[in-house]
Amino acid sequence: MELSAFGVIGLGVMGSSLSLNIADKGFSLSVYNRIAPGEEHMVSDLLDRRTDAMSIQGFSDLEDFIASLQRPRKILIMIKAGKALDHVIDALLPLLLQGDIIIDGGNSHFSDTKQRCENLRKKNVHFIGCGVSGGEEGALKGPSLMVGGNHQAYQSISEVFEAIAGKDKNGLPCCTYVGQDGSGHFVKMVHNGIEYAEMQLLAELYALLRDYYSNVEIAELFKTWNQSDLGGYLLEITIDILTKKEGDDYILDTILDKAGNKGTGSWSSKVALDLGSVNTMMASSVFARYVSSFKSMRVALSKSANRLKIKNEFQIEALEKAYRFARIINHYQGFALITNGSQENSWSVDCSEVARIWTNGCIIRSDFMEASIEYLKDGKTYFEVDDLRNQLRDGEADIKSLLTLGLENNVSVNTFYSAYDYWLSMTSENLSANLIQAQRDYFGAHTYQKNGYPEDQYFHTNWTE
Ligand code: NDP
290 MELSAFGVIG LGVMGSSLSL NIADKGFSLS VYNRIAPGEE HMVSDLLDRR
340 TDAMSIQGFS DLEDFIASLQ RPRKILIMIK AGKALDHVID ALLPLLLQGD
390 IIIDGGNSHF SDTKQRCENL RKKNVHFIGC GVSGGEEGAL KGPSLMVGGN
440 HQAYQSISEV FEAIAGKDKN GLPCCTYVGQ DGSGHFVKMV HNGIEYAEMQ
490 LLAELYALLR DYYSNVEIAE LFKTWNQSDL GGYLLEITID ILTKKEGDDY
540 ILDTILDKAG NKGTGSWSSK VALDLGSVNT MMASSVFARY VSSFKSMRVA
590 LSKSANRLKI KNEFQIEALE KAYRFARIIN HYQGFALITN GSQENSWSVD
640 CSEVARIWTN GCIIRSDFME ASIEYLKDGK TYFEVDDLRN QLRDGEADIK
690 SLLTLGLENN VSVNTFYSAY DYWLSMTSEN LSANLIQAQR DYFGAHTYQK
740 NGYPEDQYFH TNWTE
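Taking the numbering used here, the leading residue of the sequence shown gets 290, the next gets one more, and so forth.
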């Protein structure tokens with residue numbers, strides 16, 4: 290038996306697409322799926338999809354699968370994150386040898402990945418946590434791959450990963466070594482947090498516009514935006530969605546307004562809170578999904594609300610500029626979270642390189658992401674780019690118009706508000722935190738600093754004396 294260069298465990302949506310992609314690039318491959326009741330066909334289904342040029346061996350026995358791989362074994366696991374992954378790793382370990390490499394391409398929490406790297410290091414097995422973005426089509430045709438873990442182990446798998454990844458506009462792979470242990474999964478988590486807010490901004494625009502325009506008219510408007518610097522994958526698919534019909538109905542109009550989620554948006558927001566990172570836009574998008582899920586309660590309570598819509602004229606150009614404004618803030622907050630996570634974990638993540646691998650193969654690819662490679666070079670942030678700061682300054686009036694339109698038409702535009710409020714606060718010389726400090730000192734003797742005094746000097750007042 291010829292030994293395969295690479296192995297994949299888990300032939301669900303992502304595992305099977307990545308397997309075909311790997312085999313299509315000329316690497317010999319072994320694949321394994323457990324035999325679960327009703328799922329016995331997984332391996333044969335995959336083998337049925339291979340072309341003559343592909344070298345794929347299929348297994349339902351783990352020992353045979355491992356024995357079919359060249360050493361050091363390189364095994365990509367594409368299964369549900371959490372306990373299932375730990376069970377598979379536990380089953381693999383007795384079969385592995387020093388220097389073998391396990392790669393987790395699932396959506397694992399970065400802290401679990403850190404722990405697994407540590408545990409497996411003690412057993413002389415390399416563990417790599419790889420964020421994979423792009424969904425089923427991306428996995429098949431070229432995903433964006435965010436790799437974290439041992440650098441030497443990455444070098445052993447980079448040939449395969451760089452071959453299967455999407456390519457940027459210069460033909461370079463949208464795959465990079467992000468840093469040690471959980472960094473790849475951290476960056477993927479933030480990717481999803483940014484994605485949540487990008488999606489919610491479009492949903493809020495749609496909610497505002499549908500009172501004035503038909504689906505087709507909104508799609509036409511978005512088409513013009515998509516041809517500008519606002520262009521991107523999410524705007525592109527929204528245009529398709531707005532105009533897709535089933536019989537006489539637009540499918541969008543028939544979909545229940547309850548948004549689902551798989552948790553990565555809330556992970557980003559929770560981690561932001563832990564790190565002291567301000568990620569208000571992704572947090573408000575997560576909460577918007579949660580609020581949407583209370584459908585029956587919303588329907589019942591809507592009877593108690595008596596709202597009039599004020600259908601005012603508005604400048605469509607203001608919405609376009611407000612959208613641009615909010616996207617800058619969203620990306621700023623997202624990359625700030627990566628920077629904060631990187632500092633906390635000593636990862637040295639290069640945000641410009643992350644932007645580069647997000648220009649293709651992933652959901653948040655866009656013209657702005659393309660431009661971000663340059664904006665974020667040498668550790669710079671968006672706020673250090675004159676052109677972007679000017680856009681934010683000049684866009685203030687436009688985002689206020691959008692917020693006013695939301696208020697007048699009773700449309701929730703909280704994610705836009707979060708963008709505006711962040712900029713407002715970050716550009717305010719004086720906030721009201723002096724009152725907070727006085728209150729804290731009043732009830733808890735927490736002390737406060739004073740204007741005009743050194744920052745390391747703290748004061749306390751006996752407020753009731
Ligand atoms: P699927 O549900 O399509 O496939 C899951 C796979 O995991 C199946 O092969 C399943 O085997 C296997 N599996 C589940 N539980 C166990 C277990 N206890 N032991 C062994 N194998 C098990 O999932 P996806 O392919 O969509 O996702 C795989 C991973 O990739 C997940 O972590 C997901 O979050 C992540 N991901 C998904 C993306 C997407 O767009 N779908 C994008 C990026 C990452 P069986 O068929 O026998 O149940």
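Cβ coordinates follow ideal geometry from the N, Cα and C atoms, glycine included. Values in this document were obtained by computation on a predicted structure and should not be read as measured data.
Annotation: the continuous alpha helix (DSSP H) that includes K512 extends over 504 to 515. No Cβ-Cβ contact shorter than 7 angstroms links M435 with V479.
When DSSP states are grouped into helix, strand and coil, G418 belongs to the strand group. Segment contact: the region 583 to 594 against the region 675 to 685, fewer than three CB-CB distances shorter than 8 angstroms; contact not assigned. D730 is positioned such that its CB atom lies closer than 7 angstroms to that of T736. Linking R654 to T648 through their CA atoms gives a straight-line distance of about 5 angstroms.
In this structure, F511 and T527 form a Cβ contact; the two beta carbons are roughly 6 angstroms apart against a cut-off of 8 angstroms. Secondary structure of Y711 (DSSP, three-state): helix.
A residue is called buried once 16 or more other Cβ atoms fall within 10 Å of its Cβ, and R645 is buried on that count.
Not a single heavy atom of the ligand NDP lies less than 6 angstroms from the C-beta of A454.
Cβ neighbours of N310 within its own chain (closer than 6 angstroms, five residues either side excluded): L429, I453.
Taking C-beta atoms as the reference points, A708 and A615 count as a pair closer than 7 angstroms. Comparing alpha carbon positions, the residue from G536, S721, Q469, G301 closest to E407 is Q469.
About 4 angstroms separates the Cβ atoms of A548 and R578, confirming a contact at the 8 angstroms cut-off. C-alpha of T513 to C-alpha of L681: approximately 21 angstroms in a straight line. When DSSP states are grouped into helix, strand and coil, K739 belongs to the coil group. For Y711, the closest of E328, V567, P432, K363 by C-alpha to C-alpha distance is V567. For V560, DSSP assigns no beta-bridge partner whatsoever. With respect to the 7 angstroms criterion, V449 and F316 are classified as neighbours on the basis of their beta carbons. Close CB contacts of N629 within its chain, under the 6 angstroms cut and outside five residues either way in sequence, are with L564, S566 (chain order). Counting only the Cα atoms, T753 lies some 54 angstroms from V643.
D542 places its beta carbon 7 angstroms or farther from that of S581. The continuous stretches of beta strand (DSSP E) do not include C406, which lies in the alpha helix (DSSP H) extending over residues 399 to 411.
The Cβ neighbour count for F732, taken over all protein chains shown within 10 Å, is under 16; the residue is labelled exposed. T569: member of the alpha helix (DSSP H) spanning 569 to 582, first to last residue.
In the DSSP assignment, no residue is bridged to E448. D393 and E609 have their C-alpha atoms roughly 40 angstroms apart.
The beta carbon of H440 sits closer than 7 angstroms to the beta carbons of Y466 from its chain, once the five residues preceding and following it are set aside; these are given in chain order.
With a 10 Å radius around the Cβ and a threshold of 16 neighbouring Cβ atoms, E426 comes out exposed. Checking the 6 angstroms criterion, the Cβ of G299 is within range of a heavy atom belonging to the ligand NDP. Every beta strand (DSSP E) stretch that sits fully inside the region 447 to 481 and reaches 3 residues is listed by chain position as 464 to 468.
One Cα belongs to F348, the other to S357, and the distance between them is close to 9 angstroms. In the three-state scheme derived from DSSP, where H, G and I count as helix and E and B as strand, Q746 is classed as coil. Per DSSP, reduced to three states, the secondary structure at V436 is strand.
In the three-state DSSP reduction, F348 falls in the strand class (E or B).
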